[in-house]
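J.: Have a look at the structure that comes next, please.
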Amino acid sequence: MKIPRIWLVALAALVIASPALVAAQPKEMFIPLLVYRTGPYAPSGIPIADGFVDYFTLLNERDGGINGVKVVWEECETQYDNKQGVECYERLKGKSPVLVNPYSTAITYSLIPKASVDKVVVFSMGYGMSAASDGRWFPWVFNFPTNYWSQASAVIRYIGQQEG
Numbered sequence: 045m046k047i048p049r050i051w052l053v054a055l056a057a058l059v060i061a062s063p064a065l066v067a068a069q070p071k072e073m074f075i076p077l078l079v080y081r082t083g084p085y086a087p088s089g090i091p092i093a094d095g096f097v098d099y100f101t102l103l104n105e106r107d108g109g110i111n112g113v114k115v116v117w118e119e120c121e122t123q124y125d126n127k128q129g130v131e132c133y134e135r136l137k138g139k140s141p142v143l144v145n146p147y148s149t150a151i152t153y154s155l156i157p158k159a160s161v162d163k164v165v166v167f168s169m170g171y172g173m174s175a176a177s178d179g180r181w182f183p184w185v186f187n188f189p190t191n192y193w194s195q196a197s198a199v200i201r202y203i204g205q206q207e208g
């Protein structure tokens with residue numbers, strides 16, 4: 045079987061370009077940490093922020109990052125305040141974050157219209173806009189693993205099981 049010359053040329057080009065493709069992988073991924081170490085919700089915000097810093101440090105030191113890509117982060121204090129949270133997002137979005145986790149329903153609501161324009165994923169774990177569960181309408185917002193309505197439904201189901 046004779047291999048057409050064009051296929052041999054394409055294969056040779058691929059082999060020659062392979063090291064460049066591997067080298068093109070980013071060395072770091074940026075994740076902004078919108079934290080509230082101060083303000084009225086600091087008692088819950090401090091351990092959340094510390095937990096994320098500890099986890100990212102663990103990933104980098106133990107695993108070399110995620111698939112060899114180091115996690116880098118920068119904290120920005122929101123005091124659980126919507127205006128400050130949006131200011132943090134605006135200041136840090138220029139660093140090409142892989143996602144932003146606002147840790148606040150109000151901040152999340154403010155970032156949803158910006159996310160699709162800026163093409164920044166908003167990851168709101170268990171809070172935020174319940175309608176964002178439908179990715180057809182909110183493709184840049186993920187409220188995995190649950191949202192407020194799902195949580196309320198689980199409570200009602202549990203009460204129903206207990207009380208009959």
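In this text, residue positions in the sequence shown follow my numbering: the first is 45, and each later residue adds one.
Using N, Cα and C, we set each Cβ at its ideal position, and we do this for glycine too.
Which of helix, strand or coil does DSSP assign to W181?
T.: The count along the sequence shown starts at 1 and reaches residue 181 at position 137. Three-state DSSP puts W181 in coil, outside helix and strand.
J.: Give the C-beta separation of F96 and L77 to the nearest angstrom, bearing in mind that I take them to be a contact with Cβ-Cβ under 8 Å.
T.: The residue given as residue 96 occupies position 52 in the sequence shown. The residue given as residue 77 occupies position 33 in the sequence shown. Between F96 and L77 a beta carbon distance of about 6 Å is seen, short of the 8 Å cut, so the two are scored as contacting.
J.: Indicate the three-state DSSP secondary structure (helix, strand or coil) for P84 in the structure shown.
T.: Here residue 84 refers to the residue found at position 40 of the sequence shown. Looking at P84 - three-state DSSP - the assignment turns out to be coil, as it is neither helix nor strand.
J.: Who pairs with E105 in a beta bridge, going by DSSP?
T.: In the sequence shown, counting from the first residue as 1, residue 105 sits at position 61. DSSP, once it has assigned bridges, lists no residue as partnering E105.
J.: Helix, strand or coil, according to DSSP, for P70 in the structure here?
T.: Position 26 of the sequence shown, counted from the first residue, corresponds to residue 70. DSSP places P70 in coil when its eight states are reduced to three.
J.: Can you look up I200 in the DSSP assignment and give me helix, strand or coil?
T.: Stepping through the sequence shown from its first residue, residue 200 is reached at position 156. Correct three-state label for I200: helix.
J.: By alpha-carbon positions, which one of Q69, N145 and S194 ends up nearest to W40?
T.: Absent from the structure is residue 40, since the part of the chain shown begins at 45 and ends at 208.
J.: What first and last residue would you give for the alpha helix (DSSP H) that runs through K114?
T.: Here residue 114 refers to the residue found at position 70 of the sequence shown. No alpha helix (DSSP H) holds K114; the beta strand (DSSP E) holding it covers K114 to E121.
J.: Given that a residue counts as buried once 16 or more other Cβ atoms are within 10 Å of its Cβ, and exposed if not, what is F100?
T.: Looking up residue 100 in the sequence shown gives position 56. Buried, by the Cβ-count rule.
J.: I'd like to know whether the C-beta atoms of T82 and Q123 end up nearer to each other than 7 Å.
T.: For this step, residue 82 is matched to residue 38 along the sequence shown. For this step, residue 123 is matched to residue 79 along the sequence shown. Their beta carbons are under 7 Å apart, which means T82 touches Q123 by this criterion.
J.: Might you give, ordered along the chain, the residues of its own chain that have their beta carbon closer than 8 Å to the beta carbon of N104, omitting 5 neighbours on each side?
T.: Taking the first residue of the sequence shown as 1, we reach residue 104 at position 60. If we look at N104 and ignore the five residues flanking it on each side, its Cβ neighbours are K114 and V115.
J.: When we look at the beta-carbon of Y202 and count the other beta-carbons within 10 Å, is it buried (16 or more) or exposed?
T.: As a first step, residue 202 must be located in the sequence shown, where it is residue number 158. The residue is exposed, with fewer than 16 neighbouring Cβ atoms inside 10 Å.
J.: Which of helix, strand or coil does DSSP assign to V161?
T.: Translated into the one-based positions of the sequence shown, residue 161 becomes position 117. The answer is helix: DSSP assigns V161 an H, G or I state.
J.: To the nearest angstrom, how far is it from the Cα of Q128 to the Cα of E121?
T.: As a working note, residue 128 is residue 84 in the sequence shown. As a working note, residue 121 is residue 77 in the sequence shown. Answer to the nearest angstrom: the Cα atoms are 8 Å apart.
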